[in-house]
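Novice: Chains D and C, in that order, give the protein sequences. Per my numbering, residue 112 is the first one in the first sequence, and the count goes up by one each step. Per my numbering, residue -2 is the first one in the second sequence, and the count goes up by one each step. All C-beta atoms, glycine included, are put in the ideal place defined by N, C-alpha and C.
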Amino acid sequence: MSKCTYLEALKKALYEEMYRDENVIAYGEDITRYGFGVNKGLVDKFGKERIRNTPISEGAIIGTAVGAAMRGMRPVVEIMFADFIMVGMDQILNQAAKISYLSNGEWSVPMVIRTPEGSRWFGGGAQHSQTVHSMFINIPGIKIVTPSDANDAKGLLKSAIRDNNPVLFFEHKQLYFKECEVPEEEYLLPLGKASIKREGNDITVVATSWMVAHCLNVAEELKNRVDIEVIDPRTLRPLDKETIINSVKKTGRLLVVDESPVTGGIHAEIISAVTEKEDTFRCIKCPPKRIGSLDTPIPFSESLEREVIPTKEKIKKEIMNIFSKQTYK
Amino acid sequence: MDYEQEIRMFKTMSRIRTLEDILEKLFREGRLNGHLHTYHGQEAIATGVMEALSEKDIIFSNHRNHGHFLARGTSPISIISECYGKVTGTNKGRSGSMYLSDKKRGMAVASGVVGGNICVATGSALASQIKEDKAVTVSFFGDGATNIGFFHESLNMAAIWNLPIIYICENNHYGAATKKEEHQKIKRISERAAAYGMPGFTIDGTDVIKVYKKTKQAVEKARNGWGPVLIEFLVYRLRGHSAGDLGVYRPEGEQDEWKELHDPIKKYKKELIEKKIINLKEIKKIEVEAQKEINKAVNFALNSDFPTADTVSEYVYQEEKANE
Chain D
112 MSKCTYLEAL KKALYEEMYR DENVIAYGED ITRYGFGVNK GLVDKFGKER IRNTPISEGA
172 IIGTAVGAAM RGMRPVVEIM FADFIMVGMD QILNQAAKIS YLSNGEWSVP MVIRTPEGSR
232 WFGGGAQHSQ TVHSMFINIP GIKIVTPSDA NDAKGLLKSA IRDNNPVLFF EHKQLYFKEC
292 EVPEEEYLLP LGKASIKREG NDITVVATSW MVAHCLNVAE ELKNRVDIEV IDPRTLRPLD
352 KETIINSVKK TGRLLVVDES PVTGGIHAEI ISAVTEKEDT FRCIKCPPKR IGSLDTPIPF
412 SESLEREVIP TKEKIKKEIM NIFSKQTYK
Chain C
-2 MDYEQEIRMF KTMSRIRTLE DILEKLFREG RLNGHLHTYH GQEAIATGVM EALSEKDIIF
58 SNHRNHGHFL ARGTSPISII SECYGKVTGT NKGRSGSMYL SDKKRGMAVA SGVVGGNICV
118 ATGSALASQI KEDKAVTVSF FGDGATNIGF FHESLNMAAI WNLPIIYICE NNHYGAATKK
178 EEHQKIKRIS ERAAAYGMPG FTIDGTDVIK VYKKTKQAVE KARNGWGPVL IEFLVYRLRG
238 HSAGDLGVYR PEGEQDEWKE LHDPIKKYKK ELIEKKIINL KEIKKIEVEA QKEINKAVNF
298 ALNSDFPTAD TVSEYVYQEE KANE
């Protein structure tokens, strides 16, 4: 094990997979010279044929990745900010997600779209700070990954590249320079398997991406009062409902924390997965709760942005509220 | 161009016309569901283009795709079965008329979103460039599709990267019900090629020999590293946008004029007879055979099964298999 940042972990994953399989290629806007730098330096090793800078054309970046994947490549394309992915949305919804199904598996689309999302990055504001992953939950045919630390980022990106389906890989800007212990030797983490980040008996907190760190901090701060279990689903499609359900059966309480705007977000999907099951429903001791961003665009001023996004303080307050209500069984 | 090739091309055009006549009839009688966009009047394009391609080339088609698939060798049985939603169809009933697919013949999943797969086709050419497999990709779309952003993004990227792709615009003068003059200011769509730094040509798309020759030239260039080309084939949709559309928004006489003067099949018949490649009797024989073949395919489709409900979730995701 050694300490490694999320950014370095992603770079290593990409490096290892490009080294292992010559069909892995990477391209996007200014990827060799600008931005967060996951692809920086790779061109020296793998050359300009496999690592390319593109025009500002999100539709073509995503669309060409679909076509290259159909022809045996494993493209790992980058969208500079997740907000821009919507420019190429049609290529995800109507092409990438449909091709395997429509052709009865004859054609497949083994591609990855990597993109940074989330708030609190030098005030990106309304079009550079959104958390958009929940919008993709409604698309059968794609997979969605939201790694919360360097270890997961590396193992999940490697699996995403080897997966034979289109994978949307949402990185969080706040996490790029966070370090954690990462194994020296090669490892893969399966898509569709949640990670129990902290075991506890009183409440299940399902958190994604940057929110995992907040929830772990809150769990530590409240440890003498409440025993919190923190689960990171790691992939939102497929969603590991089983791990979440088993946890709620044990704790009887559920809080979901995700940075997407709360209306129509992944929060509701997770809560439904738990409450629609007869046996789990009967184990629930109090109404499940969710914390997401407010239903507003992300404002620029820090004083406003803080108000919109989920913070450690809001999470702590919600958990305290849940346990102060003595009316529940 | 030898005799055999010319007769083969005539047969293909004749088979496409017959297929579309019969599908249109079935649709209008209420026996076919879905959206049906027939290829009447454009047969020379699919025929000439496919004749110019080699086996390893890859084709991305659109909603008006039956002609492309038939000309590439997909059987009428599987095309008609697909239109009926039968398990014997090209896509085992998952597509219907609009999204046919036939990987064995290099036919990608066609796009029902206008212009939706121009970028995807461009990516296929990128794969060929990296793999150096010498395959050329062809992207088919209509005049309407040249107004969507994906067209612009694709041609720009293909030009920068010098990709082996032929962009084929079948300019049938209408984007659904909107006349070309109302949907773009430029006269020739091929003029747009200059904006991307690639060659552009406008060719009579009702002349199968011209289609074949121009495509052949472009394909050989692309195959040898000369980069992308935009070819605009001028043609006329001898029907409405789809089989339920009678095309009443078009000026009176316009369709009749094209039918009289520019029906690609009528023209080619005349040419073949003049060149003494084939006589009227032989032509009749080809047409009767096409009729028989397509009728037989309809019967086959009618007698085929619908896909069973237990297969509905298959291949939403791929498990082990990926493209080699």
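Compare the C-alpha of Ile255 of chain D against each of D:Asn276, D:Gly235 and D:Gly311 and name the closest.
Specialist: D:Asn276
Novice: Is it buried or exposed for Gly403 of chain D, if we count other Cβ within 10 angstroms and need 16 for buried?
Specialist: buried
Novice: Excluding the five sequence neighbours on either side, which residues of its own chain have a C-beta within less than 7 Å of the C-beta of Lys440 of chain D, listed in chain order?
Specialist: Its pLDDT being 43, under 50, Lys440 of chain D is placed unreliably by the model, and the measurement read from it follows with that caveat. The residues are Lys396.
Novice: Quick one: using the 10 Å Cβ neighbour count with 16 as the cut-off for buried, is Thr257 of chain D buried or exposed?
Specialist: buried
Novice: Here's a check: name, in chain order, each residue in its chain whose Cβ is nearer than 6 Å to the Cβ of Asp253 of chain C, leaving out the five neighbours to either side.
Specialist: Within the same chain, and ignoring the five residues on either side of Asp253 of chain C in sequence, no residue has its Cβ closer than 6 Å to its Cβ.
Novice: Who are the near neighbours of Ala122 of chain C in its chain, counting only those whose CB is closer than 7 Å to its CB and skipping five residues on each side?
Specialist: Thr134, Ala155, Leu160, Pro161 and Ile162
Novice: Along chain C, in chain order, which residues have C-beta atoms closer than 9 Å to that of Asp201 of chain D?
Specialist: Val110, Gly113 and Phe147
Novice: In whole angstroms, what is the alpha-carbon distance linking Ile381 of chain D and Pro408 of chain D?
Specialist: 23 Å
Novice: Compare the C-alpha of Gly139 of chain D against each of D:Leu118, D:Thr386, D:Met129 and D:Arg161 and name the closest.
Specialist: D:Arg161
Novice: If we define contact as Cβ-Cβ less than 7 Å, is Leu50 of chain C a contact residue for chain D?
Specialist: Answer no: the Cβ-Cβ gap between Leu50 of chain C and chain D never drops below 7 Å.
Novice: If I measure Cβ to Cβ from Ala215 of chain C and keep anything under 7 Å in the same chain, skipping five residues before and after, which residues do I get?
Specialist: Ile163, Val226 and Ile228
Novice: What does the alpha-carbon distance come out to for the pair Ile342 of chain D and Ala318 of chain D?
Specialist: Taking the straight line joining both Cα atoms gives about 6 Å.
Novice: Does DSSP put Asn335 of chain D in a helix, in a strand, or in coil?
Specialist: coil
Novice: May I ask you to list, following chain order, the residues of the region 144 to 167 of chain D that have a beta carbon less than 8 Å from some beta carbon of chain C?
Specialist: Glu160, Arg161, Arg163, Thr165 and Pro166
Novice: Using DSSP's beta-bridge definition, name the partner residues of Lys114 of chain D.
Specialist: D:Glu292
Novice: Between Trp255 of chain C and Leu235 of chain C, which are expected to be in contact by the criterion C-beta below 8 Å, what is the C-beta distance as a whole number of angstroms?
Specialist: Between Leu235 of chain C and Trp255 of chain C the Cβ distance is about 7 Å, and since that is below 8 Å, they are a contact.
Novice: If you measure from the beta carbon of Ala68 of chain C to each beta carbon in chain D, is any gap under 7 Å?
Specialist: no
Novice: Starting from Phe280 of chain D, follow its DSSP beta bridges and name the residues at the other end.
Specialist: D:Arg225 and D:Val256
Novice: With 16 other CB atoms within 10 Å as the buried threshold, where does Val293 of chain D fall?
Specialist: buried
Novice: Starting from the C-beta of Leu204 of chain D, find all residues in its chain whose C-beta is less than 7 Å away, skip the five residues before and the five after it, and write them out in chain order.
Specialist: Ile250
Novice: Since Asn292 of chain C meets chain D, which of its residues come closer than 8 Å, beta carbon to beta carbon?
Specialist: The contacting residues do not exist; Asn292 of chain C stays about 27 Å from chain D at best.
Novice: I'd like to know if Tyr130 of chain D contacts chain C, where contact means its C-beta is closer than 7 Å to some C-beta of that chain.
Specialist: no
Novice: For Trp218 of chain D, decide whether its Cβ has a neighbour in chain C, counting only Cβ atoms nearer than 7 Å.
Specialist: Chain C, which has a Cβ nearer than 7 Å to the Cβ of Trp218 of chain D, makes this yes.
Novice: Spatial neighbours of Glu321 of chain C within its chain, please: CB distance less than 8 Å, with the 5 preceding and 5 following residues excluded, ordered by chain position.
Specialist: A caution first: Glu321 of chain C carries a pLDDT of 49, below 50, which makes its placement in the model unreliable, though a value can still be read off. Nothing meets the Cβ criterion.
Novice: Can you tell me the Cβ-Cβ gap for Gly236 of chain D and Pro421 of chain D, rounded? I've got them flagged as a contact below 8 Å.
Specialist: Not quite, the Cβ-Cβ distance comes to about 18 Å (not below 8 Å), so this is no contact.
Novice: Are the C-beta atoms of Cys116 of chain C and some chain D residue less than 7 Å apart?
Specialist: yes
Novice: Give the single residue among C:Ser72, C:Asn59, C:Ala173 and C:Ser94 whose Cα lies nearest to the Cα of Asn30 of chain C.
Specialist: C:Ser94
Novice: For chain C, find out if any of its Cβ atoms is closer than 7 Å to the Cβ of Gln206 of chain D; answer yes or no.
Specialist: yes
Novice: State the DSSP-derived secondary structure class of Lys231 of chain C, mapped to helix, strand or coil.
Specialist: The residue you asked about is not Lys; residue 231 of chain C is Leu in the sequence shown. Strand.
Novice: Got a sec? Which residues, its chain only, sit under 6 Å from Glu189 of chain D by beta carbon, not counting five neighbours each side?
Specialist: Result list for Glu189 of chain D: Gly139, Ile142 and Arg225, in chain order.
Novice: Given a cut-off of 7 Å on the beta-carbon distance, is the pair Asp369 of chain D and Ile377 of chain D in contact?
Specialist: Inclusion of Asp369 of chain D and Ile377 of chain D in the CB contact set at 7 Å is warranted, their separation being smaller than that value.
Novice: In whole angstroms, give me the CA-to-CA distance for Gln315 of chain C and Pro349 of chain D.
Specialist: One C-alpha to the other measures close to 13 Å.
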